[in-house]
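Q: Heads up, the sequence shown is in our numbering, so the first residue is 164 and it goes up one at a time.
Note that beta-carbon positions come from the ideal geometry of N, C-alpha and C, so glycine has one too.
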Amino acid sequence: FPKQKGENIFAYLWARTVACPTTGKPIPLSPNWWLSKDPPVAVKMIAEPGMDEPRFEILEGRQALASKPDEGTISRGVARSPWTGATVDGDYIKAEAQAGRMGQVLYAVINKVKGGFEFRGPSGDDLQAVVHADGSLSARTGKWRANDLIPTEPIPEGSKTDEPIRYGERYWTDTFAPRQLLALMVYQEALQDLLSHVAREVHDGTRREALSTYLATALDKAVIYNNHHCRFDPTRGIRSVFDRHDFAFVWSFAEFDSSANLLPWVTSQVEDAYRDLAALVSPSQISFTHAKGDRPVDGLHISRGSAAYLAEAREGTIHNITVDPPYYDNVQYAELSDFFYVWLKRSVGHLFPEFFTDELTNKDDEAVANPARFEGMGRSKKELAKQDYERKMLAAFREMHRVLHPDGCLTVMFTHKKVEAWDTLATALIQAGFTIQASWPVHTESEHSLHQAKKNAASSTILLSCRKRAAPDVVRETWWDDLQGRVRETAREKAAEFAALGMRGVDLYLSTFGPTLSIISEAWPVLTSEVDPKTGQPRTLRPETALDLAREEVIRLRKQGLLLGRDIQFDPVTDWYLMAWDAFAAEQFPYDEARKLAIALGVDLDHDLMAIKRLAIKKGEFVTLQEPAARRKQGMVDEDARSFEAWIDAAHTAMMIYAEDGAGPCEVFLRESGLRREGTFKALIQALLNAIPRTRIKGKFLRPEAETLESMRLAFFDDIAAPVEEEPPVQQLQQMALHEAPGGSIFDAGSEEEDEPEEE
């Protein structure tokens, strides 16, 4: 890690490479060449015919802008060779990676200065140091393997590991560039020596174990911030491999300076966490260990084990249980934990042998919906995963029911945007014998999420307060037909109540789920008019049926809200587009939720909305709303048309004309089509203004649709009131970069593809 005079190197930036099919020369794979947008700093790649490798220069200000840094060498998995200008197919790139021929090239060095970063291109010393590190790693790997210090375990196939495996990462060592792995192994080796010293010098066994564990945790922190799945963000530095709660493959990655900055930083992070935790638990330690007269109280006991079997707890003895269970399929904890596990078992496995009996983490006993566990079993792996999650949650809730005092309370924290997840959790909870007596949505995320403009995410956690369901004096049959009216009324009242408090989007729908589940849990079992062909008896209600009913009431309420209380009829296609933006506040959201919203509005998602109207396209398990220009088609979004089948087609046509040609041509279109003074069209513009997120960054709308609509409002409909909006302050922007949901960034230049690495 050579340094120039006066430098404090923070990190090195690398781009993955493959050989050009024609010339054999390396193609740096980077979606863009930005280093910073404020102030503008960019990389200029120079690839001239007589060169064997590209060269890189750092440009600033106007020169950076003039270099067209948005034009990278790879987009949506397809590359462009800087040597020939020809495209390079994504299958070729994957094949090269699978064959172990994907490399990396150093293209920038980041220097940490007061108030931010400075950048320079790689020097000859930098490049020579890389070659030297490769040789050093090769020379020492054999010794490390012999001493079982290097994580050589294969990466198992799973829901979250398919992307690195697709690009040739078969072993955990493959997730690091050579110099990154060398640095981490030197840390690992030094840690072993230090732990031996601790064992000799620290005689208190508990203190020795704790100190060793915290040192190993610091090593783990170094691992997650120094691998080639980490990217550089000018607003905060290096971002963790787990920004998206998966192993997202990135084309360009950041290498932490391991010679001077990495170890002090990770150690300080562990110190800060320890200090904060100690401060948090200090009051409870005092209250539990001291009573009146300074007499110790024997009331605090901590035990580890499975929630499905609380062996030490007697029946009916616990007064309060508070649980934050796994959120269905949101995070595959065990799969992600393998990344830590292979290092921890080598650093502290001797201290906690009971935790490291397996080669990798135990995924079979984990209470998550993981379809990868049911690959090749014949039936739908998704359905089997759902059943597995429900069965494990039922076992845990039954055990909680057993140990809970008759007057005790169970509080369950849960948030998930899929009705399917709520249905599964609620079924387990109700079947275990609980009734949901109250629920509260608690705001837990940033007010302004940049990620929201791209993918929807719930910003509230729902707290469900549950008690044991009392056995009825007289057993009566409860039928769903008799409860529907009460469910509708309750959902409508609660939605209006929470909307008045400022809740919207996914959170508003979720806020009605608790009260809805409360009604059916009190009356359980609830029977339906459907007959089970196996038993000949009425089927028991699935909670999702009641939740769908609640959703319909929220749709009705929200549409009136978008229209400022007016009741105006558009058409089902237009209603779906409006409610999709209003509910999810993002261009991308789960396919299944899009389908259920379509059903509630009486349209077919696949046929009507995607195949015919092109309002959205499917990407894996998600759908993405299309911008107006992407829907251009004769008779649909058509500048030559003067009548339209759906109101949204008319609005999108006007928006497309304004965005491409300006106010003049748009005014001509509106006048000739009669839309300028059409009341329903004007109401739709009002509704769109209210539905599409109006988040601004430095005065500019994040969503282009919002930008166009606001311009049209000012030009043609100035009597329409603009929705209230806020621009996040600079300090909040920094927090957003730190806390936003995985994958989003104000520096993202590409889209999230299901089958391709994210373009940072």
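Could you spell out where the beta strand (DSSP E) holding Tyr270 opens and where it closes?
A: The residue you call residue 270 lines up with position 107 of the sequence shown. Looking at the DSSP string, the run of the beta strand (DSSP E) that includes Tyr270 is 266-276.
Q: According to DSSP, is Trp506 helix, strand or coil?
A: Against the sequence shown, residue 506 aligns to sequence position 343. Three-state DSSP puts Trp506 in a helix.
Q: His611 to Glu546, Cα distance in whole Å?
A: Within the sequence shown, the letter at position 448 stands for residue 611. Within the sequence shown, the letter at position 383 stands for residue 546. In this prediction, His611 has a pLDDT of 40, which is less than 50 and means its spatial position is unreliable; what the coordinates show is noted afterwards. Each residue's alpha carbon lies about 35 Å from the other.
Q: Report buried or exposed for Ala436, applying the criterion of at least 16 other Cβ atoms within 10 angstroms of its Cβ.
A: By one-based count along the sequence shown, residue 436 stands at place 273. Counting Cβ neighbours within 10 Å, Ala436 comes out exposed, since fewer than 16 surround it.
Q: State buried or exposed for Lys617, treating a residue as buried only when at least 16 other CB atoms are found within 10 Å of its CB.
A: The sequence position of residue 617 within the sequence shown is 454, counting from 1. Note on Lys617: pLDDT 47, under 50, position unreliable in the model; the coordinate value appears next. Lys617 comes out buried.
Q: Which value, in whole angstroms, describes the spacing of the CA atoms of Phe910 and Ala763?
A: If you number the sequence shown from 1, residue 910 lands on position 747. If you number the sequence shown from 1, residue 763 lands on position 600. Since pLDDT at Phe910 reaches only 29, below the 50 mark, its modelled position is unreliable, and the value read off the structure follows with that caveat. Distance between the alpha carbons of Phe910 and Ala763: 37 Å.
Q: Between which two residues does the alpha helix (DSSP H) harbouring Pro341 extend?
A: Looking up residue 341 in the sequence shown gives position 178. Here the alpha helix (DSSP H) through Pro341 covers 341-364.
Q: Roughly how many whole angstroms lie between the Cα atoms of Arg351 and Ser510?
A: In the sequence shown, counting from the first residue as 1, residue 351 sits at position 188. In the sequence shown, counting from the first residue as 1, residue 510 sits at position 347. The question names Arg, but residue 351 is Gln in the sequence shown. One C-alpha to the other measures close to 7 Å.
Q: How would you call Thr485, buried or exposed, if buried means at least 16 neighbouring beta carbons within 10 angstroms?
A: Within the sequence shown, numbered from 1, the residue matching residue 485 stands at position 322. So Thr485 ends up on the exposed side.
Q: Just to confirm, is the Cβ distance from Glu223 to Val206 under 8 Å?
A: By one-based count along the sequence shown, residue 223 stands at place 60. By one-based count along the sequence shown, residue 206 stands at place 43. No. Outside cutoff.
Q: May I have the straight-line CA-CA distance separating Glu627 from Met576, to the nearest angstrom?
A: Within the sequence shown, residue 627 is the residue found at index 464, counting from 1. Within the sequence shown, residue 576 is the residue found at index 413, counting from 1. Per the sequence presented here, residue 627 reads as Leu, with Glu not at that position. Taking the straight line joining both Cα atoms gives about 6 Å.
Q: Would you please state the rounded distance, in angstroms, between the beta carbons of Thr703 and Leu720? I believe it to be under 8 Å.
A: Mapped onto the sequence shown, residue 703 falls at position 540. Mapped onto the sequence shown, residue 720 falls at position 557. That belief does not hold up - the Cβ atoms of Thr703 and Leu720 are roughly 29 Å apart, past 8 Å.
Q: Applying the 10 Å Cβ sphere with the 16-neighbour rule, what's the burial state of Ser681?
A: Position 518 of the sequence shown, counted from the start, is the residue given in the question as residue 681. It is buried - the Cβ of Ser681 has at least 16 other Cβ atoms within 10 Å.
Q: Name the one or two DSSP bridge partners that Phe787 has.
A: The residue given as residue 787 occupies position 624 in the sequence shown. Note that residue 787 is Thr in the sequence shown, not Phe. Partner(s): Gln751, Ile780.
Q: Is it buried or exposed, Pro920, if we count other Cβ atoms within 10 angstroms and call 16 or more buried?
A: If you number the sequence shown from 1, residue 920 lands on position 757. Caution is warranted here: a pLDDT of 46 is assigned to Pro920, below 50, making its placement in the model unreliable, and the coordinate value is therefore given only provisionally. That one is buried.
Q: Distance, Cα to Cα, Gly235 vs Arg179?
A: Here residue 235 refers to the residue found at position 72 of the sequence shown. Here residue 179 refers to the residue found at position 16 of the sequence shown. If you take the alpha carbons of Gly235 and Arg179, they lie about 13 Å apart.
Q: Determine, using beta carbons only, whether Phe395 and Ile221 come nearer to each other than 8 Å.
A: Start at 1 with the first residue of the sequence shown, and residue 395 comes out as number 232. Start at 1 with the first residue of the sequence shown, and residue 221 comes out as number 58. For Phe395 and Ile221, no; Cβs fall outside 8 Å.
Q: Cα separation between Leu269 and Pro791?
A: Taking the sequence shown and counting its residues from 1, the one referred to as residue 269 is at position 106. Taking the sequence shown and counting its residues from 1, the one referred to as residue 791 is at position 628. Distance between the alpha carbons of Leu269 and Pro791: 40 Å.
Q: List, from N- to C-terminal side, the alpha helix (DSSP H) runs of 4 residues or more that fit wholly inside the region 536-578.
A: You should have 544-566.
Q: For Glu418, which beta-bridge partners are listed by DSSP?
A: What you label residue 418 is simply residue 255 of the sequence shown in a count that begins at 1. Paired residue(s): Tyr175.
Q: Starting from Lys257, trace the alpha helix (DSSP H) in both directions and tell me its first and last residue.
A: Indexing the sequence shown from 1 puts residue 257 at position 94. Residues 253-261.
Q: In three-state terms, what does DSSP make of Leu443?
A: Against the sequence shown, residue 443 aligns to sequence position 280. The answer is helix: DSSP assigns Leu443 an H, G or I state.
Q: Are the Cβ atoms of Leu772 and Leu788 separated by less than 8 Å?
A: For the purposes of this step, residue 772 is taken as the residue at position 609 of the sequence shown. For the purposes of this step, residue 788 is taken as the residue at position 625 of the sequence shown. Taking 8 Å as the Cβ cut-off, Leu772 and Leu788 do not qualify as a contacting pair.
Q: Under the assumption that Asn195 contacts Pro165 (Cβ atoms under 8 Å), give the Cβ distance between them as a whole number of angstroms.
A: Residue mapping note: residue 195 aligns to position 32 of the sequence shown, counting from 1. Residue mapping note: residue 165 aligns to position 2 of the sequence shown, counting from 1. About 28 Å; that fails the 8 Å criterion.
Q: Got a sec? Which residues, its chain only, sit under 7 Å from Tyr740 by beta carbon, not counting five neighbours each side?
A: Taking the sequence shown and counting its residues from 1, one reaches residue 740 at position 577. Excluding positions up to five away in sequence, the list reads Leu778, Ile811.
Q: List the endpoints of the continuous beta strand (DSSP E) containing Met208.
A: Taking the first residue of the sequence shown as 1, we reach residue 208 at position 45. Met208 -> beta strand (DSSP E) spans 203-209.
Q: By alpha-carbon positions, which one of Asp311, Asn390, Ala296 ends up nearest to Asn345?
A: Position 182 of the sequence shown, counted from the first residue, corresponds to residue 345. One detail in the question is off: residue 345 reads as Leu in this sequence, not Asn. Looking at the Cα atoms, Ala296 is the closest of the given residues.
Q: On a CA-only basis, which of Ala774, Asp730, Ala548, Pro285 is nearest Ser322? Give me that one, please.
A: For the purposes of this step, residue 322 is taken as residue 159 along the sequence shown, with counting starting at 1. Looking at the Cα atoms, Ala548 is the closest of the given residues.
Q: Applying the criterion that 16 or more other CB atoms from any shown protein chain within 10 Å of the CB defines a buried residue, is Ile172 buried or exposed?
A: For this step, residue 172 is matched to residue 9 along the sequence shown. By the neighbour-count rule (16 or more Cβ atoms within 10 Å), Ile172 is buried.
Q: Can you check the region 842-881 for any alpha helix (DSSP H) of at least 4 residues that lies completely inside it and give the ranges in chain order?
A: The region 842-881 contains these whole alpha helix (DSSP H) runs: 842-854, 867-879.
Q: Cβ of Gly571 within 8 Å of Cβ of His482?
A: Within the sequence shown, the letter at position 408 stands for residue 571. Within the sequence shown, the letter at position 319 stands for residue 482. It is a contact, given that the beta carbons lie within the stated cut-off.
Q: Taking Ala757 and Glu716 to be in contact with their CB atoms under 8 Å, please state how far apart those CB atoms are, rounded to whole angstroms.
A: In the sequence shown, residue 757 corresponds to position 594, counting from 1. In the sequence shown, residue 716 corresponds to position 553, counting from 1. So it is not a contact: roughly 19 Å between Cβ atoms.
Q: Within 10 angstroms of its Cβ, does Met348 collect 16 or more other Cβ (buried), or is it exposed?
A: Reading the sequence shown from its first residue, position 185 is the one you call residue 348. So Met348 ends up on the buried side.
Q: Would you list the residues sitting across from Leu192 in a DSSP beta bridge?
A: By one-based count along the sequence shown, residue 192 stands at place 29. Bridge partners of Leu192: Arg179.
Q: Closest by CA to Gln167, which one among Lys275, Thr369, Pro317, Leu228?
A: Locating residue 167 in the sequence shown gives position 4, counting from the first residue. Nearest C-alpha to Gln167: Lys275.
Q: Does the Cβ of Glu434 have 16 or more other Cβ atoms within 10 Å, making it buried, or fewer, making it exposed?
A: Walking along the sequence shown from the start, residue 434 turns up at place 271. Label assigned to Glu434: exposed.
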